[in-house]
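Visitor: Before I ask anything, let me first share the structure, which is written out below as structure tokens.
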Amino acid sequence: MKHNLKSDPPLLDPRDLDFLLYEWLEVQSLCTRERYREHSQETFDAVLDLTAELAVKRFAPHNKLGDTREPSIDPSGAVITVPEIKDALDALSATGLLAGEFGARLDGMQLPYVVSKAAFAWLQAANISTSAYAALTIANAHLLETYGTEDQIDRWVRPMLAGRFFGTMCLSEPGAGSSLADLTTRAIPHEDGTYRLTGSKMWITGGDHEISENIVHLVLARVPGGPAGVKGISLFIVPKYLVGDDGTIGERNDVALAGLNHKMGNRGTTNALLSLGDGTHRPDGRAGAVGYLVGRENQGLTQMFHMMNEARIGVGLAATALGYTAYLQSLDYARTRIQGRALGRPQEAPVPIITHPDVRRMLLAQKSYVEGALALGLYCARLLDEVDTADDPADRTRAELLLELLTPITKSWPSQWALEANSLAIQIHGGYGYTRDYHVEQLYRDNRLNAIHEGTHAIHGLDLLGRKVLMADGAALRLLLETFAATSKRATDASAPLRQWGERLHESAQRVAAVTEHVWRSGDPELALANASAYLEAVGHCVLAWIWLEQALAAEGKTGDFYDGKRHAARYFFTYELPKTDYQFDLLMSMDRTTLDLSENWF
């Protein structure tokens, strides 16, 4: 990147992005593929520079304003947000970057996913609330491009990619949060081929606002006569305003705002309770929100997982971006905050707090978390490019399998450990850290939501241990461990520290394999999954150790502070973090029943 804009506060490190994209992932090599043939490293840099400029000039300046002036409902029932949010999103739309990942048929830039996600991280670091509107819109458009009809693509996707319409996903209900098998929203077929939906949807990010001309809700609902549970869920397009065949905005659909939720963070993003089909916007008595079926009936959850999995990687990158900017801000603070004296030198002048070993420890921990998480998120985005464009079908299959396995880790690990970077940023700022005079307290609040967004740690632990490591007769886990082994083998020809880390990674891989086999040997799924969250954490740490060894190998033989910093962060992770998995694997091997052999009356 040529980006040299100075931002206050600092957002991301462009040097790190250059290293990850060009020195490690070698994304410039993608330009030999047909889809990306018109691109080059220069065009990638131009996109990154443009997004960084948008982040600094349009997104970051109103981050605190959006936090302190939450969306509200005016007497007419309209949702009011600070105008700077719309201004920033209009500026983003004008660049065409909403369609950055999409093909030429949708007037997209045909950017590699890995470049697009790296660019979007700038916006997430600058203002997670404003960027959320765009992120959901892009994911919504991806789903409809995959499963929608040509008419649906023309009517809904093209306006979203132009920034005229924004999109949401409507899964949860007041009585059924993550338990989608229990959702009750109904969709009744209508004689004109549409459906009429009734029910309520809760926690809908971007669920109502006046920022765009229209809002395209993707709603999960049940059609009468369908199977029980998740197999009977269908997916519908339910717009805020109906749209005519000629694309003109028509009458208000029967989608009513029942209230706004007020969360501890991401306060600039509206979060709504929606009522479908209660007659609020149908004074003529024709109650029922008009919905358009996506694909076939009873295929809704499979289709929605397309958007959910994209959102899960996006949440991981969002958590990373928020932790990353907090790290850079605490680093700046530590370099300029004068307090205390060097140990044993009471007569000397006070020193910057970065001089103190424990502050360095906290900064090094932050660096290992956020730079590792960013590398993991971009690696997964690179796998998406392999799935779509690899020349060899076998390479596409392997990339898809590995991405399936890594998705719960890529969502959950940054949501836990980049958040720890936010916590350490507050600690480094001392008493100022929890005041609103600095940004780090807001960044912590914003990031705390990501451990719940798109599924809790428990849900992803169950997904990883209960499904992903078992799918295809364990093929995905074998592929991950083979990937570890290949990296460990490369490290045998490297310098002494890297050889040692390679050996340690090899031991961890063996432990993952042994523990996974052991917990399932009992034949008792309840017992096997009782400590699934510990499994997620332990395997996640092993994945990040592999990521750090990969970065260290990419830096091997290169000199300068940047590369020395990479090697030292890898040293920290292998010395301080990876050993934490020993206890977790011991716990899993013990098949501990503490959480099972427990009466609720004992609390």
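For the sequence shown, the working numbering begins at 1297 and goes up steadily by one.
All C-beta atoms, glycine included, are put in the ideal place defined by N, C-alpha and C.
Remember, it's a predicted structure, so these values are computed and weren't measured experimentally.
(1) Does the segment 1480-1495 come close enough to the segment 1455-1465 that 3 or more CB-CB pairs lie under 8 Å?
(2) Under 7 Å Cβ to Cβ from residue 1382, same chain only, skipping five residues before and after it: list those, please.
(3) Given that a residue counts as buried once 16 or more other Cβ atoms are within 10 Å of its Cβ, and exposed if not, what is residue 1898?
(4) Taking DSSP's pairing of strands, which residues face residue 1464 in a bridge?
(5) Starting from the C-beta of residue 1392, find all residues in its chain whose C-beta is less than 7 Å away, skip the five residues before and the five after it, and write them out in chain order.
(6) Using the C-alpha atoms, what's the distance from residue 1599 back to residue 1374?
(7) Check whether the segment 1840-1852 and the segment 1807-1818 are in contact - that is, three or more C-beta pairs closer than 8 Å.
(8) In chain order, which continuous runs of the alpha helix (DSSP H) of length 4 or greater are located wholly inside the segment 1801-1885?
(9) Measuring alpha carbon to alpha carbon, tell me which of 1577, 1595, 1511 ends up nearest residue 1524.
(10) Can you check whether the CB of residue 1702 is closer than 8 Å to the CB of residue 1619?
(11) Can you give me the start and stop residues for the alpha helix (DSSP H) that residue 1586 sits inside?
(12) If contacts are defined as beta-carbon pairs under 8 Å, then residue 1453 and residue 1469 qualify, I think. What distance do you get, rounded to the angstrom?
(13) Do residue 1621 and residue 1421 have their CB atoms nearer than 8 Å?
(14) For a test of the three-state rule: what should DSSP assign to residue 1765, helix, strand or coil?
(15) Confirm, please, whether the CB-CB distance from residue 1680 to residue 1409 is below 8 Å.
(16) Does DSSP put residue 1374 in a helix, a strand or coil?
(17) Ignore the nearest five residues each way along the sequence and tell me which others in residue 1638's own chain have a CB closer than 8 Å to its CB.
(18) Among residues of its own chain, excluding the 5 on either side of residue 1863, which ones have a beta-carbon nearer than 8 Å to its beta-carbon?
(19) Rounded C-beta distance between residue 1549 and residue 1586? I'm assuming under 8 Å.
(20) Just the Cα atoms here: how many angstroms apart are residue 1616 and residue 1425?
(21) Could you tell me which residues DSSP pairs with residue 1567 in its beta bridges?
(22) Under three-state DSSP, which class holds residue 1734?
(23) May I ask which residues mark the beginning and end of the alpha helix (DSSP H) holding residue 1656?
(24) Which of the three DSSP states, helix, strand or coil, is assigned to residue 1532?
(25) Going by CA-CA distance only, name the one from 1738, 1753, 1360 that's closest to residue 1719.
(26) I'd like to know whether the C-beta atoms of residue 1567 and residue 1556 end up nearer to each other than 8 Å.
(27) Around the Cβ of residue 1895, are there at least 16 other Cβ atoms within 10 angstroms (buried) or fewer (exposed)?
(28) With a cut-off of 8 Å on the beta carbons, I'd call residue 1828 and residue 1660 a contact; round off their distance for me.
(29) For the candidate residues 1671, 1723, 1704, whose alpha-carbon lies nearest to that of residue 1630?
(30) Roughly how many angstroms lie between the CA atoms of residue 1674 and residue 1341, to the nearest whole one?
(31) Within 10 angstroms of the Cβ of residue 1788, are there 16 or more other Cβ atoms? Answer buried if so, exposed if not.
(32) Just to confirm the assignment, what range does the beta strand (DSSP E) spanning residue 1546 have?
(33) Rounded to the nearest angstrom, how far is the Cβ of residue 1479 from that of residue 1529, given a contact under 8 Å?
(34) Going by other Cβ atoms of all chains shown within 10 Å of its Cβ, with 16 needed for buried, is residue 1325 buried or exposed?
(35) Distance, Cα to Cα, residue 1879 vs residue 1412?
(36) Ordered along the chain, which non-local residues of its own chain (more than five positions away) have a Cβ less than 6 Å from that of residue 1431?
Guide: On the basis of the coordinates in this document:
(1) By the Cβ criterion, the segment 1455-1465 is not in contact with the segment 1480-1495, since fewer than three pairs of Cβ atoms, one from each stretch, lie closer than 8 Å.
(2) Here the set comprises 1507.
(3) Residue 1898 should be labelled exposed.
(4) 1513
(5) Correct list, in chain order: 1405.
(6) 31 Å
(7) no
(8) 1821-1824, 1828-1851, 1857-1868, 1876-1885
(9) 1595
(10) no
(11) No alpha helix (DSSP H) holds residue 1586; the beta strand (DSSP E) holding it covers 1585-1589.
(12) At roughly 26 Å, the Cβ-Cβ gap does not stay under 8 Å, so residue 1453 and residue 1469 are not in contact.
(13) yes
(14) Correct three-state label for residue 1765: coil.
(15) yes
(16) coil
(17) 1644, 1647, 1651
(18) Within the same chain, residue 1863 has close Cβ partners 1793, 1848, 1851.
(19) 5 Å
(20) 15 Å
(21) According to DSSP, residue 1567 bridges with 1501.
(22) coil
(23) Unbroken alpha helix (DSSP H) run through residue 1656: 1653-1685.
(24) strand
(25) 1738
(26) In this structure, residue 1556 lies closer than 8 Å to residue 1567 by Cβ.
(27) exposed
(28) Contact doesn't hold; Cβ gap of about 30 Å is too wide.
(29) 1723
(30) 16 Å
(31) So residue 1788 ends up on the exposed side.
(32) 1545-1548
(33) 7 Å
(34) Within 10 angstroms of the beta-carbon of residue 1325 lie fewer than 16 other beta-carbons, which makes it exposed.
(35) 38 Å
(36) 1610
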